[in-house]
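Protein chains in written order, with my numbering: chain A, 382 to 671; chain B, 5 to 160.
Just so you know, even glycine gets a beta-carbon here, dropped at the ideal spot from N, CA and C.
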Ligand SMILES: Cc1cc2nc3c(=O)[nH]c(=O)nc-3n(C[C@H](O)[C@H](O)[C@H](O)COP(=O)(O)OP(=O)(O)OC[C@H]3O[C@@H](n4cnc5c(N)ncnc54)[C@H](O)[C@@H]3O)c2cc1C
Ligand code: FES
Ligand code: FES
């Protein structure tokens, strides 16, 4: 399969990418290409120009910044999964990145492309919503920080404005007694999330002091599961309370559960409590170790 | 047209390519390196896996222009001086293929795996080739073949 013809432009800096975006209306940014190229090949997208941002050095790397980890947009899933810093400070994110697709997909796909593409079946948005992360959007006139909860607005739609480029993702670093985890029902062929659940649990003397949960895969965009959070807060950190709280996820799902030929909406909704429960248990176990 | 210069199996290869040309087609049609197969053409099957700067990548999901200036290794680049690469030897010895369509991609993924993890468990091997589909073997002999190569390297 061949993409429709396009003009290929390569940016070597963020400033150059902005200049190229301004000069080429309708152009698409290309990072790892693992969402865009399949679309171009199927001709579901046929932009007049493609701007390759894959070599912009300032968009790479993982660094501490205050209480956050700042992960450059071009950081690959493989780099995130292998990062000792991410594994320690944002275990759920490392876990989600390690479960994206397969090794070759993880070698090319980037966190910036993943959040900008905002596929409902993606893994990283669910984690960022649960961890209360944020997206740093660089516009021609400067940066703004968009909380993850406001960034994802619908199926493949985000709060990113025209000509804004994702520069980085911010993730708060876990403190003592806090654990996080991500679990998913992976599609058996693509490994995309049919149901994904991310949890962060702070355990204090055996009690769940703070609980944050997000679900993805089965809803148009990753969202918090506040009924689950309320049900578990103040409860003992044990299997029975995880199961009881996870069952409440039905109240968080609403009427817009997605279904397809692989898994119906009913089936996904029935699986959601299972994965939420597992995420809660794994997060609480990590809180105990931290 | 765009100019690319890609080091393929140690040799710099230059070409004028359309930006939409996939790396898989650059290798197969411009360089006649037909060991890299195209199976699904939809990023799923891994038959087209090559190494780009040492890491496995699906060459049906990369434009040749993106690999400009990079180091690409294909299945043709593994044997040295007529000696099979340990993974190729493993596939031979352990009957790791039937029709052979998936084999080049399997081997390239396995090279990446063993570079990262020279002593993989069976589970690690299965994870390492999770992006490579085989419609013939049932995978067990492929796993054995990769184990063979790991064991051979460990004995050295
Ligand atoms: C076989 C396969 C399996 C996969 N499985 C999973 C999975 O299990 N879980 C999962 O989460 N994902 C999965 N993916 C998707 C993968 O994670 C993609 O790599 C990712 O969604 C997109 O990142 P990219 O760097 O490849 O982006 P690209 O494909 O380059 O770009 C995607 C979109 O984002 C835009 N974009 C890219 N970078 C930026 C930026 N910095 N700022 C603004 N816009 C930008 C592009 O213009 C484009 O519209 C899979 C992909 C494949 C091919
Ligand atoms: S041909 Fe590239 S993944 Fe199948
Ligand atoms: S040997 Fe035939 S597809 Fe694997």
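Quickly, what does DSSP pair residue i with across the bridge? List them, please.
i: residue 579 of chain A; result: A:563 and A:595
i: residue 546 of chain A; result: A:519
i: residue 67 of chain B; result: B:26
i: residue 433 of chain A; result: A:391 and A:411
i: residue 491 of chain A; result: A:457
Throw me the rounded Cβ distance for the residue i and residue j pair, which I believe falls under 8 Å.
i: residue 551 of chain A; j: residue 451 of chain A; result: 6 Å
i: residue 654 of chain A; j: residue 630 of chain A; result: 5 Å
i: residue 65 of chain B; j: residue 13 of chain B; result: Residue 65 of chain B to residue 13 of chain B, Cβ: 21 Å. No contact.
i: residue 499 of chain A; j: residue 537 of chain A; result: 5 Å
i: residue 413 of chain A; j: residue 457 of chain A; result: 7 Å
i: residue 511 of chain A; j: residue 594 of chain A; result: 6 Å
i: residue 579 of chain A; j: residue 473 of chain A; result: 5 Å
i: residue 486 of chain A; j: residue 415 of chain A; result: 6 Å
i: residue 63 of chain B; j: residue 31 of chain B; result: 6 Å
i: residue 398 of chain A; j: residue 434 of chain A; result: 5 Å
i: residue 465 of chain A; j: residue 424 of chain A; result: Residue 465 of chain A to residue 424 of chain A, Cβ: 42 Å. No contact.
i: residue 72 of chain B; j: residue 10 of chain B; result: 6 Å
i: residue 618 of chain A; j: residue 588 of chain A; result: 7 Å
i: residue 582 of chain A; j: residue 661 of chain A; result: 6 Å
Identify the continuous alpha helix (DSSP H) that holds residue i and give its terminal residues.
i: residue 152 of chain B; result: 144-159
i: residue 629 of chain A; result: First-last for residue 629 of chain A: undefined, no H or E at that position.
i: residue 120 of chain B; result: 107-120
i: residue 128 of chain B; result: 126-132
i: residue 507 of chain A; result: 505-511
i: residue 137 of chain B; result: Unbroken run through residue 137 of chain B: none, as it is neither H nor E.
i: residue 92 of chain B; result: 90-97
i: residue 420 of chain A; result: 417-422
i: residue 531 of chain A; result: 529-532
Return the first residue and the last residue of the beta strand (DSSP E) that residue i is part of.
i: residue 609 of chain A; result: Not the beta strand (DSSP E): residue 609 of chain A falls in the alpha helix (DSSP H), residues 607-613.
i: residue 450 of chain A; result: 449-453
i: residue 586 of chain A; result: Premise fails: residue 586 of chain A is in no beta strand (DSSP E) and is neither H nor E.
i: residue 10 of chain B; result: 6-12
i: residue 446 of chain A; result: 443-446
i: residue 536 of chain A; result: Where residue 536 of chain A is concerned, there is no enclosing beta strand (DSSP E), given that its DSSP letter is neither H nor E.
i: residue 61 of chain B; result: 59-62
i: residue 55 of chain B; result: 53-56
i: residue 19 of chain B; result: 15-21
i: residue 467 of chain A; result: Per DSSP, residue 467 of chain A belongs to no beta strand (DSSP E); it is in the alpha helix (DSSP H), 465-470.
i: residue 641 of chain A; result: Note, residue 641 of chain A: premise wrong, no beta strand (DSSP E); not H, not E.
i: residue 77 of chain B; result: 75-77
Return no unless some Cβ of chain B is closer than 7 Å to the Cβ of residue i.
i: residue 418 of chain A; result: yes
i: residue 569 of chain A; result: no
i: residue 415 of chain A; result: yes
i: residue 488 of chain A; result: yes
i: residue 484 of chain A; result: yes
i: residue 383 of chain A; result: yes
i: residue 389 of chain A; result: yes
Against chain A, does residue i count as a neighbour if the rule is that its beta carbon must be under 7 Å from one of theirs?
i: residue 59 of chain B; result: yes
i: residue 135 of chain B; result: yes
i: residue 65 of chain B; result: yes
i: residue 23 of chain B; result: yes
i: residue 85 of chain B; result: no
i: residue 47 of chain B; result: yes
i: residue 16 of chain B; result: no
i: residue 40 of chain B; result: no
i: residue 51 of chain B; result: no
Please confirm if residue i has its CB atom under 7 Å from at least one CB of chain D.
i: residue 663 of chain A; result: Checking the listed chains, one finds no chain D in this structure; the protein chains it contains are A and B.
Problem set entry | Pocket of ligand 2 defined by Cβ to heavy atom distance under 6 Å | B:42, B:43, B:44, B:45, B:47, B:48, B:49, B:50, B:51, B:52, B:62 and B:64
Problem set entry | Shell residues, 5 Å Cβ cut-off relative to heavy atoms of ligand 3 | B:101, B:102, B:103, B:105, B:106, B:138, B:139 and B:140
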